[in-house]
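In this note's numbering, the protein residues as written are 337 to 1072.
Virtual Cβ for every residue (Gly too), placed ideally from N, Cα, C.
See below for the structure under consideration.
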Ligand code: ADP
Ligand code: ZN
């Protein structure tokens, strides 16, 4: 009986094509296998999504090759990507692409070739070779000069020679060829002291029981663990995972990329035998990614830890999915497919029939709503471990500060005094400001001109270290002008401030304090982050100043003071989640204080001290915040009471972007159901980014999958000018 493989090729199409499976591959082609198929004039990679006995497709061709010995997508993952394609309105091939690392999709990678010198033989021949073939001798000498093995490509470069010469030396047996060792450990060379499970307090025990029971029963109704900062959530995750391992089963842990730090990873690596853990980090090389993926696939590693894309990790016999900091917006992917890692985790749990544990000190409105309506199970931890106090939060009104000092304040007098006090007591402080750079804009006092990016409609930020203006959206750079580019007035001045400026100021006030800055600029080097955190931990830094990089997950017992330099950043922007984000950020940052014996203190500087986000955070009142915020959301028909879908249209030509948006809007208007609310196309808040004019069409619906299908049909049915890009964002997080 002939067999046909129904495949989806890697091109962004939604078509499924049939190919004949040749007899010799009958047993090797499965659902989920990667294959090569002839498509038009060339071969293309494809994924088998079904095997069929018959096909009515005309002119059927034969499979051209196998890219993997075994299927790379098992049936549950295949169902997950199908769900993703439907829900997030993207082609199936795009969803598959996203679920599989590049190195797995293409069925392998080039292992690096390494050379080591066969010393006795090489030394013996060297003198003779120098006469006979001096170039070869030189190359051999370079290899001999190396302290250890050298990459093939490096030797070619270093000795200014060719592949052929090197190959000759290998063939002669003077150089030995090896391939990069099969399983690299990206954290190699680090030792972890094994930790034992802590004995849980009654609150923790109760929740662990809920979780392990869900594991045992295969109960996939998500458990939302709302536990205040420092209440011991991580310890519960660890013991729940241990339970899975005791059963010989697997677990998956999602953490926000930003907290995929050595500190978090260390807590997992030091609890379990390290062979059992696979860390899926964005810094992995193709080879490392390949190896970690296969260790999971084989069942050698049974716990996967990673950021959002780890939701697709091929953990065998998955029994539990943990999503830490479930409210984090970095779980949302901001490129197609624009999926949400937490939401996919919940769906994967359902498909797989495994337990799902979502944890946060500040659950998202969406998840908390689900818990309140009974879709999720709610579990709470309301006290810190050992009944440590939550830090005292004091709000400093910057308006009053201004009235007294008559100039804008970066560090209020009370915060300054508090820092000084900590320095004297040799305790540590964290100062938080969610803005990089030195000055947030360059403004002409005379004509009001603001230096804007050439490609984006936002002001440029001044960076002192490089003495340049930079765009935080596209990276555009410019020399800072000495006088106004518009009216030539020399009165151009900096306004607003970022972390660079805070460091300068704090250093001036406390000349002997040891200060470090931690933001995307100062941490661009790969190990800078580790390094700085290590120094902070061991007490070599007194004051750590940084952006949201320091807000999450860090646990430093000697930090007794946290200063939030300006709580208003991010609060007064036209995004319905601005209040929620500010509340979360303040709570998280405040949670860094007082994790040791000494109670912590937090100062929040703001010009709007009575905004609900600040007041509720100040009183550690999640419930209160939730009630007020969800009332607002319900009144305005925002999530979690409705789903949003945002259609983005962009082009370098404004008119074409606008025209396309209008056309899509018209077609949608004809097709959508009466229950869907369709808003007219408008220019996006940030009208231009990277030279592209942007238009938005917003829709609100209760049934996303249905609307996604309609939008797909409308978009597929239209043809757009080549320079116009159309993207669909289901449950969007970026509304600007
Ligand atoms: P969260 O994840 O809720 O912020 P953590 O799990 O980081 O809290 O716990 C905070 C601190 O308390 C950590 O140093 C952790 O080792 C410790 N801890 C957690 N549970 C216990 C326990 N049952 N007994 C003693 N210490 C604990
Ligand atoms: Zn720009």
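Close beta carbons around residue i, own chain, < 6 Å, minus the five adjacent residues each side
i: residue 565; result: 697, 927
i: residue 1061; result: 986
i: residue 868; result: 852, 854
i: residue 571; result: 534
i: residue 1015; result: 1034
i: residue 1088; result: Outside the modelled stretch of the chain, which goes from 337 to 1072, sits residue 1088, for which no answer is possible.
Assumed close pair residue i, residue j - CB separation to whole angstroms, cut-off 8 Å
i: residue 590; j: residue 659; result: 5 Å
i: residue 830; j: residue 897; result: With a Cβ gap of about 28 Å, residue 830 and residue 897 do not count as contacting.
i: residue 836; j: residue 799; result: 7 Å
i: residue 702; j: residue 560; result: Contact flag wrong, Cβ pair sits at about 10 Å.
i: residue 442; j: residue 348; result: Incorrect: roughly 17 Å between the Cβ atoms, too far for contact.
The ligand ZN heavy atom lying under 6 Å from the CB of residue i
i: residue 803; result: no
i: residue 812; result: yes
i: residue 789; result: yes
i: residue 282; result: Absent from the structure is residue 282, since the part of the chain shown begins at 337 and ends at 1072.
i: residue 809; result: yes
Any non-hydrogen atom of the ligand ADP closer than 6 Å to residue i Cβ
i: residue 567; result: yes
i: residue 921; result: no
i: residue 588; result: no
i: residue 721; result: yes
i: residue 1037; result: no
i: residue 1074; result: Residue numbering for the chain in the displayed model covers 337 to 1072; residue 1074 lies beyond these limits and cannot be assessed.
i: residue 561; result: no
i: residue 571; result: yes
i: residue 800; result: no
i: residue 583; result: no
i: residue 534; result: yes
Close beta carbons around residue i, own chain, < 8 Å, minus the five adjacent residues each side
i: residue 362; result: 339
i: residue 856; result: 772, 883, 885
i: residue 504; result: 472
i: residue 938; result: 727, 728, 729, 730, 897, 898, 899, 900, 925, 926, 929
i: residue 993; result: 985, 986, 987, 1028, 1029, 1030, 1031, 1060
Three-state class that DSSP yields for residue i in the structure shown
i: residue 987; result: strand
i: residue 558; result: coil
i: residue 434; result: helix
i: residue 795; result: strand
i: residue 979; result: strand
i: residue 510; result: coil
i: residue 803; result: coil
i: residue 406; result: coil
i: residue 495; result: coil
i: residue 346; result: coil
i: residue 822; result: coil
i: residue 909; result: coil
i: residue 522; result: Note that residue 522 scores 49 on pLDDT, short of 50, meaning its location in the model is unreliable; the coordinates nonetheless yield the value given after this. Residue state, collapsed to three classes: coil.
i: residue 541; result: helix
i: residue 973; result: coil
i: residue 1070; result: coil
i: residue 679; result: helix
i: residue 422; result: helix
i: residue 653; result: coil
i: residue 397; result: strand
i: residue 854; result: strand
i: residue 919; result: helix
i: residue 1005; result: helix
i: residue 813; result: strand
i: residue 1019; result: strand
Bridge partners - residue i, DSSP secondary structure assignment
i: residue 370; result: 383
i: residue 728; result: 937
i: residue 830; result: 778
i: residue 899; result: 767, 939
i: residue 1028; result: 1025
i: residue 788; result: 795
i: residue 357; result: 339
i: residue 1053; result: None; residue 1053 has no bridge partner.
Any non-hydrogen atom of the ligand FAD closer than 6 Å to residue i Cβ
i: residue 537; result: The ligand FAD is not part of this structure, which contains only the ligand ADP and the ligand ZN.
Own chain residues within Cβ distance below 7 Å of residue i, not counting five before or after
i: residue 423; result: 1040, 1041, 1044, 1066
i: residue 669; result: 644, 675
i: residue 499; result: 492
Below-7 Å beta-carbon distance, residue i vs any chain C residue
i: residue 880; result: Although the question refers to chain C, the structure presented lacks it and comprises just one protein chain.
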